[in-house]
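Asker:
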Amino acid sequence: MDVIPVFIVEDDPMVLELHRRFVESVEGFKVVGSARDGESALREVERTKPELVILDVFMPEMDGLALLRRLREMTAPVDVIMVTAAQESTTVGEALRLGAVDYLIKPFRLERFREALERYRERQKRLQDESLSQEDVDRLWNTGGTARGRELPKGVQAYTLSRVRKVLKDHAGKSLSAEEMAELIGISRITARRYLEHLVATGLARLEPEYGSVGRPVNRYRWVG
6 MDVIPVFIVE
16 DDPMVLELHR
26 RFVESVEGFK
36 VVGSARDGES
46 ALREVERTKP
56 ELVILDVFMP
66 EMDGLALLRR
76 LREMTAPVDV
86 IMVTAAQEST
96 TVGEALRLGA
106 VDYLIKPFRL
116 ERFREALERY
126 RERQKRLQDE
136 SLSQEDVDRL
146 WNTGGTARGR
156 ELPKGVQAYT
166 LSRVRKVLKD
176 HAGKSLSAEE
186 MAELIGISRI
196 TARRYLEHLV
206 ATGLARLEPE
216 YGSVGRPVNR
226 YRWVG
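For the sequence shown, the working numbering gives the first residue as 6, with consecutive numbering after it.
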């Protein structure tokens with residue numbers, strides 16, 4: 006799969022630079038341009054032709070929602086991830102109606118930003134297939150919960166959970182510690198432990214304390230689902 010070109014629209018120059026650096030730190034993405042206001046963004050998006058736009062709501066002259074409406078009128082298709090401090094349900098709802106693929110509320114964890122980008126990358130990869138199964142389509146449409154529609158607890162994201170489940174399942178027959186899981190998928194040990202404990206609570210994994218000669222036991226997790 007080719008590198009995904011990204012355009013960033015953010016009026017704060019420091020935040021814009023932080024977003025640029027972070028996006029380019031995620032494998033498979035390259036920032037091809039940026040703008041600090043809506044009118045400039047329209048011109049540059051037309052010129053650089055990105056696949057994905059990272060878009061703030063609060064901007065001078067033309068706000069993010071107005072820009073999103075204008076982007077939808079353009080002939081070249083572009084996807085949008087909203088990254089903004091706007092929390093109003095009306096704003097979130099309008100962004101959804103206009104086709105935003107994700108919505109991040111500032112301040113957010115960088116892990117959540119990474120999840121949004123990786124989920125988008127996976128979606129684009131799936132859309133390159135000639136045909137899709139119903140399960141594939143369900144995954145494409147599922148952004149905030151599980152395919153079965155179950156509510157996930159606070160701090161547990163569907164995309165990261167699916168990665169943890171896959172790795173643990175792929176290692177069926179042996180147990181993994183939170184530290185080992187963290188290294189395998191590139192998250193913190195504390196985050197890995199939270200997801201592994203969720204799998205234990207839902208009956209998909211079993212906790213197996215490993216006792217050494219000294220010190221506290223190391224909690225290890227085994228797939229049983």
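We treat Cβ as the ideally placed atom computed from N, Cα and C, and that holds for glycine.
Being a predicted model, the structure only gives us computed values, none of them experimental.
Does the stretch 178-198 come into contact with the stretch 219-229, if we say contact requires no fewer than three beta-carbon pairs (one atom in each stretch) closer than 8 Å?
Answerer: Contact holds: three or more Cβ-Cβ distances are below 8 Å.
Asker: Tell me the DSSP secondary structure of Arg155 in three-state form.
Answerer: For Arg155, the predicted structure reports a pLDDT of 49, less than 50, and the residue's modelled location is therefore unreliable. A value from the coordinates is still provided. Of the three classes helix, strand and coil, the one that applies to Arg155 here is coil, per DSSP.
Asker: Is Asp42 helix, strand or coil when you go by DSSP?
Answerer: coil
Asker: Starting from the Cα of Glu213, find the closest Cα among Pro222, Thr207, Asp61 and give me that residue.
Answerer: Pro222
Asker: In whole angstroms, what separates the C-alpha of Ala121 from that of Val31?
Answerer: 11 Å
Asker: Under 8 Å between the Cβ atoms of Thr89 and Val58?
Answerer: no
Asker: Lys35 CB to nearest chain D CB: under 8 Å?
Answerer: Absent here is chain D; the protein component of the structure consists of one chain.
Asker: Pull up the distance between the alpha-carbon of Arg119 and that of Leu109, whole angstroms please.
Answerer: 11 Å
Asker: According to DSSP, simplified to helix, strand and coil, what is Tyr216?
Answerer: Note: Tyr216 maps to coil in three-state DSSP.
Asker: Using the Cα positions of Ala163 and Phe27, report the straight-line distance between them to the nearest angstrom.
Answerer: 21 Å
Asker: Among the residues of its own chain, which have a CB less than 8 Å from the CB of Arg199, if the five just before and after it don't count?
Answerer: Gly160, Val161
Asker: Between Leu60, Thr196, Phe34, which lies nearest to Asp17 when the distance is taken from Cα to Cα?
Answerer: Taking Asp17 as reference, the option from Leu60, Thr196, Phe34 with the minimal CA-CA separation is Leu60.
Asker: Where does Pro112 sit, in a helix, a strand or coil, going by DSSP?
Answerer: coil
Asker: Output yes or no for whether 8 Å exceeds the beta carbon distance between Thr101 and Arg75.
Answerer: What sits at residue 101 in the sequence shown is Leu, not Thr. Taking 8 Å as the cut-off, the Cβ atoms of Leu101 and Arg75 do not count as close.
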